[in-house]
């Protein structure tokens, strides 16, 4: 490197970045350091991965179970969806959602509001924001509700083991989650008002929305493409898992008088999960790494902000690429450690 | 006798010193890049992924543009044939790494000359082949006539990782306007996003705006605002540490500009060998030993002018006649009111 006149060092991380980022979870502008730009990119990567994982799991489970349905229409629709989306390269799908589908959205001034408050435009999805008073008390009330639910579950389990009496844990939990935050509104001084986005004129022909929360179209199309693509693989994992539980198990469960819901919840799912979790972990890892394709459509993720703009502005290719690689490695390892822990938790515990 | 011997030895010593001195200067002429280029038989040139007027490939894969002509001039000077160039299209992100990692030998890709790029990352800028400045393009029906009409919340599309991105921030900050930067890696994606209405304005170098406007679905519905918010001297770049190669590229570019100054064109270059003006004769290699100073033969500059043409011809062919920027503006010779001024070739 010395031969080529390249210097090496990480000192640039504390320098002023002097560029702006379109969308950031933490406060950022050009006066912040390159290190903060790194954090901005990292958080955006995590955000789109988490959104993607949640939606991919929901869609995947629904489609996977739909593929097992006896209803011809549901079964075939799910099969077509899986075959269609998993056989088209992800980058093309991202391009499709961003450059074709979302481009067909109306300009801000032509948008019809959804439910009166939501505005889906070519410049992004504008949703109302809550303006809170005493937000901390509200959060405490939710935490209190969650803690009491955990205690009730432990108590219910003990009661069932000792006396064989089942407690309706679910309805109690939902009740707690509603009542405690409600009390915080009534007595805790918590107050929320809704800020609805309003149309703002920029020029004779240009408009945008002001107020509320703005989800950039880049985030929407990336999350959409990632979840629809990964969901197909998760659907197959789910189908494999459920089919992997032998028919005799279901019949045996039914023969001792369990309802079909109980059969699914107590007999089929616990066994199916053991088959589903390990390959699904792979899909979560893939989704996280695939989110780096964001750079193609201007979503400011780690690759675009840090390994893109920051790299080009500083010219420090080796340092930045090494940091980025390490970051993806640690992200993937964290996910896999968590999933391995969960896998162990649901595995057969032989005594 | 002893006295003579002493004189003789000092003479021998002097000759020896002189000899090592000349061989050392000869050795310094040996450029690794030059040697490799001559061995390979082509010049490795990094260009843009398609910017009409600067570096753009047609359907048959023939590259044209003022940036392309710099590489062709070097090929004519070094290898004797302006067509012996291998072009590598590079994104803004790849360009510097491609040069420092030895994949290309000249980067001629509308690249802005700045201090940090020149000094910090192993690059050397050899000159300026286009004086540019950053501007804004907007829709005609927006009613914007000046950057002073911009309002809070405006969204601006641009290329990621360029000086444009930094200038944009400086500009909006100084005006106290909040804005939304939407940055893409490829110019085509920026154009597509702006065209679809994702952004209210598209900002990049004015030459780039003029060139990209042609790609919009209805170019006449868009205008470039009059203000220029930055200096963008664009020029070819070489790796740091090979000063002979650096000189060859620099003087290939300078030759094109000086040829225009003295009225030497691709058509009349041969006849200029008998010119009365010694400066013209030096330029076409009929006088002096300028080629040797660069480690080349003496016809190097004549070949550049004959095969590529002078700067004016290159500008006319690539930028004026294609309708991108018919007016040369600052890219006119200093004798005609522009700022193109190169050191004399002598």
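Residue numbers (my numbering), protein chains in the order written: chain A, 1349 to 1699; chain B, 12 to 357. Backbone N, C-alpha and C fix where the C-beta goes; we use that ideal spot for every residue, glycine too.
1. Measure the alpha-carbon distance for residue 222 of chain B versus residue 1655 of chain A and round it to whole angstroms.
2. Taking the straight line between their C-alpha atoms, what separation do you get for residue 260 of chain B and residue 81 of chain B?
3. Terminal residues of the continuous beta strand (DSSP E) containing residue 273 of chain B?
4. Just to check my reading of the structure: residue 109 of chain B and residue 57 of chain B have Cβ atoms closer than 8 Å, yes? What is that Cβ distance to the nearest angstrom?
5. Among A/1415, A/1360, A/1628, A/1622, which residue has its Cα nearest to the Cα of residue 1696 of chain A?
6. Output needed in chain order: residues of the stretch 124-140 of chain B with a Cβ under 9 Å from some Cβ in chain A.
7. Taking the straight line between their C-alpha atoms, what separation do you get for residue 35 of chain B and residue 257 of chain B?
8. Any idea if residue 237 of chain B is buried or exposed, counting beta-carbon neighbours within 10 angstroms, 16 or more meaning buried?
9. With DSSP as the reference, identify every bridge partner of residue 145 of chain B, one or two as the case may be.
10. State the CB to CB distance for the pair residue 197 of chain B and residue 119 of chain B, rounded to an integer number of angstroms; the pair is presumed to be in contact (CB under 8 Å).
11. According to DSSP, which residues form a beta bridge with residue 123 of chain B?
12. Name the DSSP beta bridge partners of residue 150 of chain B, please?
13. Quick check for students: name the residue ranges of the beta strand (DSSP E) that lie wholly in the stretch 1448-1474 of chain A, counting only runs of 3 or more.
14. Can you pull the chain A residues whose beta carbon is under 7 Å from the beta carbon of residue 162 of chain B, in chain order?
15. Closest to residue 1675 of chain A by CA distance: which of A/1389, A/1436, A/1365, A/1367 is it?
16. Can you give me, in chain order, the residues of the stretch 161-194 of chain B that have a beta carbon less than 7 Å from any beta carbon in chain A?
17. Go through its chain and collect everything with a Cβ distance to residue 1558 of chain A's Cβ below 7 Å, but skip five positions before and after it.
18. Measuring alpha carbon to alpha carbon, tell me which residue in B/296, B/242, B/335 is nearest residue 230 of chain B.
19. Tell me whether the beta-carbon of residue 251 of chain B lies closer than 8 Å to the beta-carbon of residue 134 of chain B.
20. Name the chain A residues that come within less than 9 Å of residue 153 of chain B, Cβ to Cβ?
21. My output table needs one value for residue 170 of chain B: the three-state DSSP class, helix, strand or coil.
22. Under a Cβ-count criterion, where at least 16 other Cβ atoms within 10 Å of its own Cβ denotes burial, should residue 1568 of chain A be classed as buried or exposed?
23. For residue 276 of chain B and residue 324 of chain B, which I take to be in contact (beta-carbon distance under 8 Å), what is that distance rounded to the nearest angstrom?
24. Please determine, among B/166, B/209, B/175, the residue with the shortest C-alpha to C-alpha distance to residue 191 of chain B.
25. Using DSSP with H/G/I as helix, E/B as strand and the rest coil, what is residue 347 of chain B?
26. Give me the subset of the stretch 89-109 of chain B whose CB atoms are less than 9 Å from a CB atom of chain A, sorted by chain position.
27. So, using beta-carbon positions, are residue 227 of chain B and residue 206 of chain B closer together than 8 Å?
28. Please return the same chain residues whose Cβ sits closer than 7 Å to the Cβ of residue 1601 of chain A, not counting the five positions on each side in sequence.
29. Residue 287 of chain B by DSSP, collapsed to three states: which one?
30. Leaving aside the five residues before and after residue 37 of chain B along the sequence, list all residues of the same chain whose C-beta is less than 8 Å from its C-beta, in chain order.
31. State buried or exposed for residue 1505 of chain A, treating a residue as buried only when at least 16 other CB atoms are found within 10 Å of its CB.
32. I'd like to check one pair, residue 1586 of chain A with residue 1357 of chain A: are the Cβ atoms closer than 8 Å?
33. Report buried or exposed for residue 1660 of chain A, applying the criterion of at least 16 other Cβ atoms within 10 angstroms of its Cβ.
34. Using the beta-carbon count (16 or more within 10 Å), is residue 1362 of chain A buried or exposed?
35. With 16 other CB atoms within 10 Å as the buried threshold, where does residue 1641 of chain A fall?
36. How far does the alpha helix (DSSP H) with residue 1431 of chain A in it extend, from its first residue to its last?
To lay it out plainly:
1. On the second chain, position 211 is the one that residue 222 of chain B refers to. On the first chain, position 307 is the one that residue 1655 of chain A refers to. Rounded to the nearest angstrom, the two C-alpha atoms are 28 Å apart.
2. Against the second chain, residue 260 of chain B aligns to sequence position 249. Against the second chain, residue 81 of chain B aligns to sequence position 70. So the alpha carbons of these two residues sit roughly 8 Å apart.
3. In the second chain, the residue the question calls residue 273 of chain B occupies position 262. No residue range can be given for residue 273 of chain B, since it is assigned to no beta strand (DSSP E) and is classified by DSSP as neither H nor E.
4. By one-based count along the second chain, residue 109 of chain B stands at place 98. By one-based count along the second chain, residue 57 of chain B stands at place 46. Confirmed, about 5 Å.
5. Position 348 of the first chain, counting from 1, holds the residue named residue 1696 of chain A. The candidate whose alpha carbon is nearest that of residue 1696 of chain A is A/1622.
6. Cβ proximity to chain A below 9 Å picks out 127, 128, 131, 132, 133, 134, 135 from the stretch 124-140 of chain B.
7. For the purposes of this step, residue 35 of chain B is identified with residue 24 of the second chain, where counting begins at 1. For the purposes of this step, residue 257 of chain B is identified with residue 246 of the second chain, where counting begins at 1. A caution first: residue 35 of chain B carries a pLDDT of 44, below 50, which makes its placement in the model too unreliable to give a value.
8. What you label residue 237 of chain B is simply residue 226 of the second chain in a count that begins at 1. When all chains shown are included, residue 237 of chain B counts as exposed.
9. Counting from one through the second chain, the residue named residue 145 of chain B turns up at place 134. In DSSP, residue 145 of chain B forms a bridge with B/216.
10. To locate residue 197 of chain B, count along the second chain from 1; it is residue 186. To locate residue 119 of chain B, count along the second chain from 1; it is residue 108. In this structure, residue 197 of chain B and residue 119 of chain B do not form a Cβ contact; the two beta carbons are roughly 19 Å apart against a cut-off of 8 Å.
11. One-based indexing of the second chain puts residue 123 of chain B at position 112. BP columns for residue 123 of chain B point to B/245.
12. The residue labelled residue 150 of chain B in the question sits at position 139 within the second chain. DSSP lists B/233 as partners of residue 150 of chain B.
13. Those beta strand (DSSP E) runs which fall completely within the stretch 1448-1474 of chain A and span 3+ residues are 1467-1469.
14. As a first step, residue 162 of chain B must be located in the second chain, where it is residue number 151. Chain A residues near residue 162 of chain B: 1550.
15. As a working mapping, residue 1675 of chain A is identified with position 327 in the first chain. Checking every option, the nearest Cα to that of residue 1675 of chain A belongs to A/1389.
16. Of all residues in the stretch 161-194 of chain B, only 162, 164, 165, 166, 171, 172, 176, 177, 180, 191, 192, 193, 194 come within less than 7 Å of chain A when Cβ atoms are compared, listed by chain position.
17. The count along the first chain starts at 1 and reaches residue 1558 of chain A at position 210. Cβ neighbours of residue 1558 of chain A beyond the five flanking positions: 1545, 1546, 1548.
18. One-based indexing of the second chain puts residue 230 of chain B at position 219. For residue 230 of chain B, the closest of B/296, B/242, B/335 by C-alpha to C-alpha distance is B/335.
19. In the second chain, the residue the question calls residue 251 of chain B occupies position 240. In the second chain, the residue the question calls residue 134 of chain B occupies position 123. Contact flag set, yes.
20. On the second chain, position 142 is the one that residue 153 of chain B refers to. Correct list: 1550, 1551, 1552, 1553, 1554.
21. Position 159 of the second chain holds residue 170 of chain B. The answer is strand: DSSP assigns residue 170 of chain B an E or B state.
22. Here the question's residue 1568 of chain A lines up with position 220 in the first chain. Classification for residue 1568 of chain A: buried.
23. Start at 1 with the first residue of the second chain, and residue 276 of chain B comes out as number 265. Start at 1 with the first residue of the second chain, and residue 324 of chain B comes out as number 313. About 6 Å; that satisfies the 8 Å criterion.
24. Within the second chain, residue 191 of chain B is the residue found at index 180, counting from 1. The closest CA to that of residue 191 of chain B, considering only B/166, B/209, B/175, is found on B/166.
25. Start at 1 with the first residue of the second chain, and residue 347 of chain B comes out as number 336. Per DSSP, reduced to three states, the secondary structure at residue 347 of chain B is helical.
26. Answer set for the stretch 89-109 of chain B: 103, 104, 106, 107, 108.
27. The sequence position of residue 227 of chain B within the second chain is 216, counting from 1. The sequence position of residue 206 of chain B within the second chain is 195, counting from 1. Yes, the Cβ-Cβ distance between residue 227 of chain B and residue 206 of chain B is below 8 Å.
28. For this step, residue 1601 of chain A is matched to residue 253 along the first chain. Around residue 1601 of chain A: 1611, 1615.
29. Taking the second chain and counting its residues from 1, one reaches residue 287 of chain B at position 276. Coil, per DSSP.
30. Locating residue 37 of chain B in the second chain gives position 26, where the first residue counts as 1. Bear in mind that the predicted position of residue 37 of chain B carries a pLDDT of just 47, short of 50, making it unreliable; the figure below should be weighed with that in mind. Cβ neighbours of residue 37 of chain B beyond the five flanking positions: none.
31. As a first step, residue 1505 of chain A must be located in the first chain, where it is residue number 157. Residue environment analysis places residue 1505 of chain A among the exposed positions, since fewer than 16 neighbouring C-beta atoms fall within 10 angstroms of its C-beta.
32. As a position in the first chain, residue 1357 of chain A is number 9, starting the count at 1. As a position in the first chain, residue 1586 of chain A is number 238, starting the count at 1. No, Cβ-Cβ distance for residue 1357 of chain A and residue 1586 of chain A is not below 8 Å.
33. Taking the first chain and counting its residues from 1, one reaches residue 1660 of chain A at position 312. Only buried fits residue 1660 of chain A, as 16 or more other CB atoms lie within 10 angstroms of its CB.
34. For the purposes of this step, residue 1362 of chain A is taken as the residue at position 14 of the first chain. Note on residue 1362 of chain A: under 16 other CB atoms within 10 angstroms of its CB, so exposed under the neighbour-count rule.
35. Along the first chain, one-based indexing puts residue 1641 of chain A at 293. With 16 or more other Cβ atoms within 10 Å, it is buried.
36. Here residue 1431 of chain A is taken as the residue at index 83 of the first chain, counted from 1. 1420-1434 is the span of the alpha helix (DSSP H), which, as asked, contains residue 1431 of chain A.
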